[in-house]
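When you read off a place in the sequence shown, starting at 1, and then add 819, the result is the number in my numbering. All residues carry an ideal CB built from backbone N, CA and C; glycine is no exception. This report concerns only the one structure given below.
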Amino acid sequence: MTDSNKASSGNGTGNGNGKDYKWVGTRAVRPDGVDKVTGRAKFGADLHLPNMLVGKVLRSPHAHAHIRSIDTSAAEALSGVKAVITRDDFSDQPKGAVQPAGEMTINYRDMVRNVMAREKALYEGHAIAAVAAVDARIATKALSLIKVDFEVLPHVIDPVAAMEDGAPIIQEDLITDGMEQSPGSMTNIAKRVEFGHGDVAVGFAEADVVIEREFTTQPVHQGYIEPHACVASMTEDGQGDCGYLPKATTLLADTAPRYWALTYQNCESRHRKLVVGLAVRPCLP
């Protein structure tokens, strides 16, 4: 084998042009590769702290409903239950609380309402309350004792129907972004984005054939092995610790104090060695 062939084989001797590089063309060794293939790597479900509690979430059976009241007294009185949280345990955020977060922006007012339903349940499965107990059986029992008074509201599940005039409004304070003139009425359209090049009308007029079709698809997910999870603890003096995070350590360090009414100094986020999550971006229609 000639030197040039060796360089193009990807064995770390170069890039195929006889030039040597430190990393380009090499076979990098994954620092966590051995841990993963031998089963030594620790995932979220493998981590257990002393006296660790089990959490369960009560979710909305309705796609759209006002929450008149939540009665957690019976769940809190159940032996083995250590905590019950609802919307009242999360700090509300003001309108327009939008901040940059890496390559995107976060609307903290919307996020706090997604983490735990506040005025309304916005979708079926929306978290209404959560229980922490000494074991899963007690936590599940506690969920059954929580009483929620819903006012069920009309809903649509088709995105086109949701954008039509007269559709049930999900977020009453939503203003469509990206329009020269803000809409004068409430809407379900969060943002309008237009892409253009040339004169579309002329292009259609000059085309030999015009074919019009409508395509729809379902959301997809990468389906990585480890779910969204972290191990969190709180000390008696109010120090919060979110450890063993697979990713987004600095993002959690910024957002968690907003919701838990902690200071940034009292909330620590730690990253573990193993990173298995992908950048989750649902592919929507």
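#1: Taking the straight line between their C-alpha atoms, what separation do you get for I957 and L941?
#2: Just tell me which of V934, N926 and E1025 has its CA closest to the CA of D907.
#3: Give the straight-line distance between the Cα atoms of I988 and I925, rounded to the nearest whole angstrom.
#4: List in chain order: all unbroken alpha helix (DSSP H) runs of 4+ residues lying wholly within the stretch 938 to 1004.
#5: Of all the options L868, I889 and M871, which has the alpha carbon lying nearest to the alpha carbon of R878?
#6: Please list the terminal residues of the continuous alpha helix (DSSP H) segment that includes A893.
#7: Does DSSP classify R887 as helix, strand or coil?
#8: Taking M930 as part of the alpha helix (DSSP H), name the residues at either end of that continuous run.
#9: Work out the CA separation of G1017 and V903 for me, nearest whole Å.
#10: For A902, does the three-state DSSP call read helix, strand or coil?
#11: Verify the CB distance criterion: does R859 have a CB-CB separation below 8 Å to chain B?
#12: Determine the burial state of A948: buried for a count of at least 16 other Cβ atoms within 10 Å of its Cβ, exposed for fewer.
#13: Are the beta-carbon atoms belonging to L964 and A894 less than 8 Å from one another?
#14: Determine the direct distance from the alpha carbon of L962 to that of V950, and round the result to whole angstroms.
#15: Between the beta-carbon of H883 and the beta-carbon of P973, is there less than 8 Å?
The relevant details are as follows:
#1: 28 Å
#2: V934
#3: 22 Å
#4: 955 to 964 and 978 to 981
#5: I889
#6: S892 to A896
#7: strand
#8: Y927 to V934
#9: 58 Å
#10: strand
#11: Any reference to chain B falls outside this structure, which holds one protein chain only.
#12: buried
#13: yes
#14: 7 Å
#15: yes
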